[in-house]
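Scroll down for the structure; my scribbles are underneath it.
Numbering (the working numbering), first residue to last: 4 to 496.
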């Protein structure tokens, strides 16, 4: 007897739904896509219990006709495409007809909708059990309510995180969609409290700057914006200046035809564009919006459409890297030269009073009287600001200098040990800044102001034993980081 059999319809539904809907923000993603495709300009999202208990989305889009309501929850029922050829000319965010079908398989779903000039109607689907259609007084648009998500699938529900974390994921999904749809006014409510209000904007750049600056406490002056048209595609870019960066690539977002995707090669192109402008291991904030010919893209390779095959990827990679390189200002700040006038205090246990030092050795004196020496100023401090790096390898040179200074600093930690103090011969002072001393065959320059600060520090430490005061450090973080810190508060408390 054979062992292969067709799965029960309900089991097949649950398997299919698991590919599309894995947590509340997946529901939010699919419903917002449908609302944008319906041409809405107002969208309000309500969630309760992190979206596990309830998700409700209201839009003012074109709506669904009464006769289409039963079809809207059928698998592969869609108004976006009709033929195989339509898959290669996609202009909508949704196209598979799986969203409402998958949501209905794992929750209690209510759809109420009305087209312009028509009476509203509604349908309730409970765990794939389709109810009857009834009249509803809704105005033009659609209202979808999802309740008791994964109620019939406790194993899937057990993998969800606490309500605050799931709510934050829903918020991030809404922001992700809002960035590429500036024409829509978004409102986001959590447990009936307004948490986010994003008015519609005239341009993509206005929406992106408005959102990322308010969410991360950035300034608009920290970013540059640019866009460029190419033969088959165009690129719009919002990128941070070199002064603003982070330690990972998560600040680089790639959008393809208004859909955020994961494409490492394009993230890499942004990184290449910055080149040596950022410290090693640092990455910029960049929001890249690519509009490409639909015939050159295949989104039908990932259940959540987070990936895509792009036939002209190499061309876009090169164009993006070049655009970033040309757009980011390559200006390096110079440090103003400072003159120190405060006299050095000599009452230290490390440097004795001048009258206790030996007289300078005569062989070091009167260099100016020798015919072999001429007197020239060593450095004009007023010209320091005019010096600018002329070589492209300035960063490597700076790293090498920093490494060398590190080594020298470690070697000099024991130079001024008090037990060896008498081995130094004081020779004099240079530029009213450095003390010059000799030990055996070595010459030492001591920054007298830095030495003075260290002396005062040692004196303060030696005065009395006190308990260190813990002073709280206040800092601002984005909403997703805040949720992460709260979720893991038991680690650091």
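Quick reminder that beta carbons are idealized off the backbone N, C-alpha and C, glycines included. Here the structure is a predicted model, which means the values were calculated and not measured.
A direct Cα-to-Cα measurement between residue 6 and residue 42 gives close to 49 Å. Three or more Cβ pairs closer than 8 Å define a contact, and the stretch 63-77 meets that threshold against the stretch 104-123. Taking C-beta atoms as the reference points, residue 241 and residue 211 count as a pair closer than 8 Å. Excluding residues up to 5 positions away in sequence, 26, 27, 53, 55, 153, 169 lie with their Cβ nearer than 8 Å to the Cβ of residue 163 in the same chain. Taken in chain order, the unbroken stretches of alpha helix (DSSP H) that lie wholly in the stretch 433-487 and span 4 residues or more are 451-466. Distance between residue 31 and residue 326, taken at the CA atoms: about 33 Å. Within the stretch 15-78, the runs of alpha helix (DSSP H) at least 4 residues long that lie entirely inside it are, in chain order, 27-40, 72-75. Look at residue 120 here: in three-state DSSP terms it is coil, with no helix or strand label. DSSP links residue 150 through a beta bridge to 57, 111. Cβ atoms of residue 226 and residue 246 stay farther apart than 8 Å, at about 11 Å. With a 10 Å radius around the Cβ and a threshold of 16 neighbouring Cβ atoms, residue 145 comes out buried.
Ranked by Cα distance from residue 117, the first of 137, 463, 268 is 137. In the displayed model, residue 252 falls within a helix according to three-state DSSP.
In the three-state reduction of the DSSP assignment, residue 238 falls in the strand class. Here residue 165 is near residue 490, since their CB atoms are less than 8 Å apart. In terms of Cα proximity to residue 101, the closest of 84, 91, 115, 88 is 84. Taken through DSSP and simplified to helix, strand or coil, residue 84 comes out as coil. Counting every other CB atom within 10 Å of its CB across the protein chains shown gives residue 314 a total below 16, marking it as exposed.
Going by DSSP, residue 190 is part of the beta strand (DSSP E) stretching over 188-193. Inter-segment contact for the stretch 250-264 and the stretch 306-321 is present: three or more beta-carbon pairs are separated by less than 8 Å.
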